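Engineer: No gaps in the numbering here: position 281 of the sequence shown is 281 in our numbering, and each next residue is one more.
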Amino acid sequence: MTPSDGATQDGRTPSRIVVIDDEQDMRASISQWLSLSGFDPETYASAEEALTVLGPEFPGIVVTDIRMPGMDGMALLKKLVGMDASLPVILITGHGDVPMAVEAMRLGAYDFLEKPFDPDRMSDLARKALKARGMALESRALRHELADGGAIMKRLVGNAPEMVRLREDILDYGQADGHVLIDGETGTGKTLVAHALHAVGPRAGKKFVSVSCLGVDDERLAARLFGPVEAGGLPLVEEARGGTLCLEDIEAMSPTLQARLLGFINDQPTPPQTRIVAIVNEHKPGRTLEDVLRPDLYYRLAAMKLTLPPLRSRGEDILSLFKTYAEDYAEEYGCPAPDLSAQDAAYLLQAPWPGNVRQLISIAEQAVLQNRRGTGSVVSLVMAENEASGGALTTEGKPLKDYVEAFERTLIDNTMRRHKGSIVAVMEELCLPRRTLNEKMAKYGLSRSDYV
Ligand SMILES: Nc1ncnc2c1ncn2[C@@H]1O[C@H](COP(=O)(O)OP(=O)(O)O)[C@@H](O)[C@H]1O
Ligand SMILES: [Mg+2]
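1) Report the three-state DSSP secondary structure of Y451 (helix, strand or coil).
2) For L293, count neighbouring Cβ atoms within 10 angstroms of its own Cβ and tell me buried if that reaches 16, exposed if not.
3) For ligand 2, is there a heavy atom less than 7 Å away from the beta-carbon of E282?
4) Rounded to whole angstroms, what's the CA-CA distance from P116 to I20? Just pull it up for me.
5) Suppose you measure from the CA of E138 to the CA of A132; what does that come to, to the nearest Å?
6) Where does D124 land, buried or exposed, given buried means 16+ other C-beta within 10 angstroms?
7) If you follow the beta strand (DSSP E) that P41 is part of, which residue opens it and which one closes it?
8) What is the residue span of the beta strand (DSSP E) that Q247 lies within?
9) Please tell me whether, using a cut-off of 7 Å, the distance from the CB of T191 to the nearest non-hydrogen atom of ligand 1 is below it.
10) Quick one: is the Cβ of E248 within less than 7 Å of any heavy atom of ligand 2?
11) Checking 8 Å against the spacing of the C-beta atoms, do V193 and L308 come in under that value?
12) Check whether the Cβ atoms of G60 and V18 lie closer than 8 Å to each other.
13) Apart from the five residues just before and just after I152, which ones in its own chain have a Cβ nearer than 8 Å to its Cβ?
14) Is L297 closer than 8 Å to Q258 when the C-beta atoms are compared?
15) Where does S377 fall in DSSP's three states?
16) G150: beta carbon under 7 Å from a heavy atom of ligand 1?
17) Which residues bound the alpha helix (DSSP H) around T13?
18) Tell whether a beta-carbon distance below 8 Å holds between T244 and R203.
19) Apply the 10 Å Cβ neighbour rule to S35 and answer buried if 16 or more other Cβ atoms are within range, or exposed otherwise.
20) Please determine whether the Cβ atom of L348 lies at a distance below 7 Å from any heavy atom of ligand 1.
21) Whole angstroms is fine: what's the gap from V63's alpha carbon to K284's?
22) Based on DSSP bridge pairs, tell me the residues matched to M304.
23) Given the structure, does L197 come close to ligand 1, in the sense that its CB is under 7 Å from one of the ligand's heavy atoms?
24) In this structure, what does DSSP give as the bridge partners for L156?
25) Answer yes or no: the CB of I170 versus the heavy atoms of ligand 1, is any distance below 7 Å?
26) Is it true that the region 271-282 meets the region 152-170, where meeting means three or more beta-carbon pairs spaced less than 8 Å apart?
27) Should R418 be counted as a contact of ligand 1 given a C-beta to heavy atom distance under 7 Å?
28) When you compare the CB positions of G134 and R358, do they come within less than 8 Å of one another, or not?
29) Considering only DSSP beta bridges, list what E114 is partnered with.
30) What does the alpha-carbon distance come out to for the pair L87 and F58?
31) What's the call for T93, buried or exposed, on a 16-neighbour Cβ count within 10 Å?
32) Under the three-state reduction of DSSP, which class applies to I412: helix, strand or coil?
33) Helix, strand or coil for G70 per DSSP?
34) Taking contact to mean at least 3 C-beta pairs separated by less than 8 Å, is the region 210-223 in contact with the region 343-352?
35) So V209 is in the beta strand (DSSP E); what residue range does that whole segment cover?
36) Where P69 and D22 are concerned, what is the direct C-alpha to C-alpha distance, given to the nearest angstrom?
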């Protein structure tokens with residue numbers, strides 16, 4: 001599996017595509033095209049039938065024909081928008097239905113495809129719509145926690161020095177008013193940190209508006225940000241007034257639009273009414289932030305800059321993150337979390353993690369599912385994942401001490417568990433004097449009472 005953006009907060013990317021058309025041939029060909037592009041579409045012959053699987057938190061998107069007996073596409077669109085305004089609905093229009101398509105966009109359709117349609121455009125649209133859906137579900141999940149900045153800070157697992165520093169920066173910058181630039185590899189927690197910045201500061205009760213600059217053409221993005229908004233309503237810079245406007249994938253913004261954003265920033269009073277948090281999600285190797293952003297905009301945003309560390313350099317955090325998420329999934333699936341062997345720990349610590357925390361979360365979920373079936377091991381999961389991403393195990397950037405400590409902690413943890421907290425039995429098995437064992441347990445935050 002490849003780590004992708006647009007995952008929901010629990011790390012899973014919405015992937016369902018509901019295809020609705022009353023004509024059997026059309027259904028089959030849409031479904032075939034989408035399958036060829038790697039999607040897994042589900043087909044329905046009527047809106048009524050499809051409505052049985054659609055709900056407000058639906059983890060996917062809808063592609064529907066307009067002209068159908070019974071409930072037609074427009075009526076379905078209205079119903080879906082009423083149920084969940086951020087559920088992307090792509091409409092298929094017959095030739096010459098342009099006025100209807102315009103009306104559909106006004107009602108909140110994600111986009112439309114005119115028959116006969118271009119399969120590439122369809123898979124492209126589906127991909128973008130799924131990403132948008134992921135972002136919407138993710139910010140919704142986070143918004144539930146926004147009332148309480150403390151809760152979101154607690155979600156940030158990790159005690160690596162960079163993480164301790166990051167927490168302090170979030171608290172400082174959260175109180176400040178200036179704009180922020182967040183940078184870091186995919187899956188390192190940039191979106192989560194953007195929400196945390198908003199949640200810990202005085203803007204917490206106000207809006208957090210998030211938009212991706214990727215794959216939207218310039219004119220449309222300009223109109224969404226600054227107006228005029230086609231469907232009525234406020235441009236995003238206004239909607240976020242008093243709160244935060246989070247610009248994901250800022251590197252995809254054209255230089256012209258970047259200049260306009262800079263103009264907007266410069267025209268705001270101090271402190272700014274709309275706080276900008278810009279996220280750089282991807283840069284080509286060898287290109288620096290100054291290459292992807294106009295220098296004037298870069299300097300304006302980078303006064304407060306957060307660079308999130310890659311997971312592979314975070315030492316023991318890898319194990320605490322794995323444990324946290326494995327326990328969450330174990331609870332969700334109603335089965336025990338896997339015990340990590342010292343070998344598992346060594347593999348987790350040495351994997352290159354190109355997809356960072358997001359990738360680790362998905363391994364934690366797979367490990368729990370494996371454990372439930374009673375097959376496989378964490379080692380084999382990590383190995384398979386590495387082969388898929390062509391990466392080699394690495395010791396890059398991590399001191400030997402980290403491995404030794406992680407190994408030691410895991411070993412003591414497992415032995416204590418096996419002996420149900422009997423200090424004497426553990427001393428014997430590991431040939432350790434009582435005092436050394438006590439010191440090590442204190443050092444690793446292990447407490448006997450957790451095992452009894
Ligand atoms: N330090 C962390 N502690 C706990 N969960 C984290 C941490 N960093 C990231 N995550 C989780 O990892 C996943 C990916 O994070 P995200 O913010 O979407 O990354 P990015 O925006 O950098 O691609 C999310 O599910 C997020 O909640
Ligand atoms: Mg993100």
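For glycine and all other residues, C-beta sits at the position ideal for the given N, C-alpha and C.
Just so it is clear, the structure is predicted and the values come from calculations on it, not from any experiment.
Structural biologist: So, to answer that:
1) Position 451 of the sequence shown, counted from the first residue, corresponds to residue 451. Residue state, collapsed to three classes: coil.
2) Here residue 293 corresponds to residue number 293 of the sequence shown, with the count starting at 1. With 16 or more Cβ atoms within 10 Å of its Cβ, L293 is classed as buried.
3) On the sequence shown, position 282 is the one that residue 282 refers to. No; taking the cut-off as 7 Å, the Cβ of E282 has no heavy atom of ligand 2 nearer than that.
4) Counting from 1 along the sequence shown, the entry for residue 116 is found at position 116. Counting from 1 along the sequence shown, the entry for residue 20 is found at position 20. Taken atom to atom, the span from the alpha-carbon of P116 to that of I20 is near 16 Å.
5) Looking up residue 138 in the sequence shown gives position 138. Looking up residue 132 in the sequence shown gives position 132. When rounded, the separation of the alpha-carbon atoms in E138 and A132 is 10 Å.
6) Stepping through the sequence shown from its first residue, residue 124 is reached at position 124. It counts as exposed.
7) Here the question's residue 41 lines up with position 41 in the sequence shown. Counted as a single uninterrupted DSSP element, the beta strand (DSSP E) harbouring P41 occupies residues D40 to Y44.
8) Position 247 of the sequence shown holds residue 247. In the sequence on display, residue 247 carries Leu and not Gln. Here the beta strand (DSSP E) through L247 covers T244 to E248.
9) Your numbering for residue 191 matches position 191 in the sequence shown. In this structure, T191 has its CB closer than 7 Å to one or more heavy atoms of ligand 1.
10) The residue labelled residue 248 in the question sits at position 248 within the sequence shown. Answer for E248: yes, Cβ within range of ligand 2.
11) The residue you call residue 193 lines up with position 193 of the sequence shown. The residue you call residue 308 lines up with position 308 of the sequence shown. If you check the CB distance, V193 and L308 come in under 8 Å.
12) Locating residue 60 in the sequence shown gives position 60, where the first residue counts as 1. Locating residue 18 in the sequence shown gives position 18, where the first residue counts as 1. Against a cut-off of 8 Å, the Cβ pair of V18 and G60 comes out as a contact.
13) Within the sequence shown, the letter at position 152 stands for residue 152. So the list reads L142, E145, L146, L192, H195, A196, A199 and V200, once near-sequence residues are dropped.
14) Counting from one through the sequence shown, the residue named residue 258 turns up at place 258. Counting from one through the sequence shown, the residue named residue 297 turns up at place 297. A contact, by the Cβ cut-off of 8 Å.
15) What you label residue 377 is simply residue 377 of the sequence shown in a count that begins at 1. Judged by DSSP in its simplified three-state form, S377 adopts coil rather than helix or strand.
16) Taking the sequence shown and counting its residues from 1, the one referred to as residue 150 is at position 150. No, ligand 1 has no heavy atom inside 7 Å of this Cβ.
17) As a working note, residue 13 is residue 13 in the sequence shown. Neither: T13 is in no alpha helix (DSSP H) and is coded neither H nor E.
18) Sequence index remark: in the sequence shown, residue 244 carries index 244 (1-based). Sequence index remark: in the sequence shown, residue 203 carries index 203 (1-based). A contact, by the Cβ cut-off of 8 Å.
19) Here the question's residue 35 lines up with position 35 in the sequence shown. In the assembly as shown, S35 is an exposed residue. Its beta-carbon has fewer than 16 other beta-carbons within 10 Å.
20) One-based indexing of the sequence shown puts residue 348 at position 348. No, the Cβ of L348 stays beyond 7 Å of every heavy atom of ligand 1.
21) Locating residue 63 in the sequence shown gives position 63, counting from the first residue. Locating residue 284 in the sequence shown gives position 284, counting from the first residue. Going by the C-alpha atoms only, they are around 33 Å apart.
22) As a first step, residue 304 must be located in the sequence shown, where it is residue number 304. Its beta-bridge partners are V180.
23) Within the sequence shown, residue 197 is the residue found at index 197, counting from 1. It does not: the Cβ of L197 is nowhere closer than 7 Å to a heavy atom of ligand 1.
24) Taking the first residue of the sequence shown as 1, we reach residue 156 at position 156. Looking at the DSSP assignment, L156 forms no beta bridge with any residue, so it has no partner.
25) Mapped onto the sequence shown, residue 170 falls at position 170. Flag unset: Cβ of I170 not near ligand 1.
26) Touching, no.
27) Here the question's residue 418 lines up with position 418 in the sequence shown. Not under cutoff, so the answer is no.
28) The residue you call residue 134 lines up with position 134 of the sequence shown. The residue you call residue 358 lines up with position 358 of the sequence shown. No, the Cβ-Cβ distance between G134 and R358 is not below 8 Å.
29) What you label residue 114 is simply residue 114 of the sequence shown in a count that begins at 1. Paired residue(s): T93.
30) Stepping through the sequence shown from its first residue, residue 87 is reached at position 87. Stepping through the sequence shown from its first residue, residue 58 is reached at position 58. Using only the alpha carbons, I get a separation of about 8 Å.
31) Here residue 93 refers to the residue found at position 93 when the sequence shown is read from its first residue. The residue in question, T93, is buried, as its Cβ has 16 or more Cβ neighbours within 10 Å.
32) Residue numbering aside, residue 412 sits at position 412 when the sequence shown is read from its first letter. DSSP places I412 in the helix class (H, G or I) of the three-state scheme.
33) For this step, residue 70 is matched to residue 70 along the sequence shown. Here G70 sits in coil by DSSP.
34) Touching, no.
35) Translated into the one-based positions of the sequence shown, residue 209 becomes position 209. In the DSSP annotation of this structure, the continuous segment of the beta strand (DSSP E) that includes V209 starts and ends at F208 to S212.
36) Looking up residue 69 in the sequence shown gives position 69. Looking up residue 22 in the sequence shown gives position 22. Those two C-alpha atoms are separated by around 8 Å.
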